[in-house]
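Peer 1: Before I ask anything, here is the structure I am working with.
Numbering (the numbering used here), first residue to last: 4 to 286.
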């Protein structure tokens, strides 16, 4: 306390000066309309500037929440579209009665789990992606992974809170695909060159296609439902001695900007694997 008193006594001239300045400014702004208006306008400008900064920060935070909400809503719309498309194909094939369009089990076959990308590689030969969802969220190996743009990859390793995905940009993984308009099937494999392109191999020479045709998942794998977009045809490569040829495909997913994905949960996947493993025992 004594030190505070000594400090005030030592600085009494400055304190008196500051007090006089405050009193004089108060008198100027209180009893002079012009100065008072200038002060208020300046104060409004400063406060408006800080309010603008605060509003921008708040809007940015709210925008992330709104984007997350829109992403979830879009996820549900994509699921609905997938279910209706599968039912339409079943109707065309005569496999689904008309009175089961809504209640058929296909409607409950697939679910999506949204996950954040926390680590990824794009420019290597063997690329991998780490997502922030794991076994605690129901993620299992061999589950397909997609984005709002198209196919991303499949889950290969899972821990409690994280999972590792092998993407299309890895030649160790091949994806069964087909041309949407002609239904010719092939295997999509990355050649390790450009992250925007891949190769659809093992197509018969009589395959009919046009530049710009859409390539989608064939549905042959339990990891992906049929009809998920993979990319578009760019050009054809010459057929080799095997009588098969390949197509260069521009991938629909931009892996450089990939930040959020959806893991595809096939509720009948375990049942399909079980019966397929039983069948292989007879080989």
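Glycine included, C-beta positions come from ideal geometry on N, C-alpha and C.
Let's test the definition: count the other Cβ atoms within 10 Å of the Cβ of residue 51 and tell me whether it reaches 16, buried, or not, exposed.
Peer 2: In this predicted model, residue 51 has a pLDDT of only 49, less than 50, meaning its place in the structure is not dependable enough to derive any value.
Peer 1: Answer with buried or exposed for residue 220, where buried requires no fewer than 16 other C-beta atoms within 10 angstroms of its C-beta.
Peer 2: buried
Peer 1: Does the Cβ of residue 149 have 16 or more other Cβ atoms within 10 Å, making it buried, or fewer, making it exposed?
Peer 2: buried
Peer 1: Spell out a yes or no on whether the stretch 256 to 265 and the stretch 211 to 230 are touching, meaning 3 or more CB-CB pairs, one atom from each, closer than 8 Å.
Peer 2: no
Peer 1: Give the secondary structure of residue 188 by DSSP, where H, G and I count as helix, E and B as strand, and everything else as coil.
Peer 2: Residue 188 falls in the strand class under three-state DSSP.
Peer 1: Taking the alpha carbon of residue 203 as the point to measure from, which residue in 226, 229, 174, 228 has its own alpha carbon closest?
Peer 2: 174
Peer 1: Is it buried or exposed, residue 128, if we count other Cβ atoms within 10 angstroms and call 16 or more buried?
Peer 2: exposed
Peer 1: Would you report the Cα separation of residue 232 and residue 217, rounded to the nearest angstrom?
Peer 2: In this model, residue 232 and residue 217 are separated by some 7 Å (Cα to Cα).
Peer 1: What is the rounded straight-line gap between the Cα of residue 29 and the Cα of residue 261?
Peer 2: 58 Å
Peer 1: Are the beta-carbon atoms belonging to residue 171 and residue 193 less than 7 Å from one another?
Peer 2: Against a cut-off of 7 Å, the Cβ pair of residue 193 and residue 171 comes out as a contact.
Peer 1: Taking C-beta to C-beta, are residue 151 and residue 187 nearer than 7 Å?
Peer 2: no
Peer 1: Once you ignore the five residues that flank residue 189 on each side, which residues in its own chain have a CB closer than 7 Å to its CB?
Peer 2: Excluding residues within five positions, the ones whose Cβ falls inside 7 Å are 180, 203, 204, 205, 206.
Peer 1: Going by DSSP, name the residue or residues bridged to residue 252.
Peer 2: 201, 236
Peer 1: Is the Cβ-Cβ distance between residue 124 and residue 142 less than 7 Å?
Peer 2: no
Peer 1: In whole angstroms, give me the CA-to-CA distance for residue 112 and residue 271.
Peer 2: 6 Å
Peer 1: Out of 145, 126, 116, state which residue places its alpha-carbon closest to the alpha-carbon of residue 135.
Peer 2: Residue 116 is the option with its Cα nearest to residue 135.
Peer 1: Taking residue 239 and residue 250 to be in contact with their CB atoms under 8 Å, please state how far apart those CB atoms are, rounded to whole angstroms.
Peer 2: 5 Å
Peer 1: Tell me whether residue 196 is buried or exposed, calling it buried when 16 or more other Cβ atoms sit within 10 Å of its Cβ.
Peer 2: exposed
Peer 1: CA-CA distance, residue 164 and residue 130?
Peer 2: 21 Å
Peer 1: By a C-beta neighbour count over all protein chains shown, 10 Å radius and 16 as the cutoff for buried, is residue 215 buried or exposed?
Peer 2: exposed
Peer 1: What residue range is occupied by the uninterrupted beta strand (DSSP E) comprising residue 142?
Peer 2: Premise fails: residue 142 is in no beta strand (DSSP E) and is neither H nor E.
Peer 1: Could you check how far apart the C-beta atoms of residue 114 and residue 268 are, in whole angstroms? I think they sit under 8 Å.
Peer 2: 4 Å
Peer 1: In whole angstroms, what is the alpha-carbon distance linking residue 118 and residue 212?
Peer 2: 35 Å
Peer 1: Exposed or buried, residue 160, counting other C-beta atoms within 10 Å across all chains shown (16 or more means buried)?
Peer 2: exposed
Peer 1: Considering only the alpha carbon of each residue, which of 184, 155, 21 lies closest to residue 198?
Peer 2: 155
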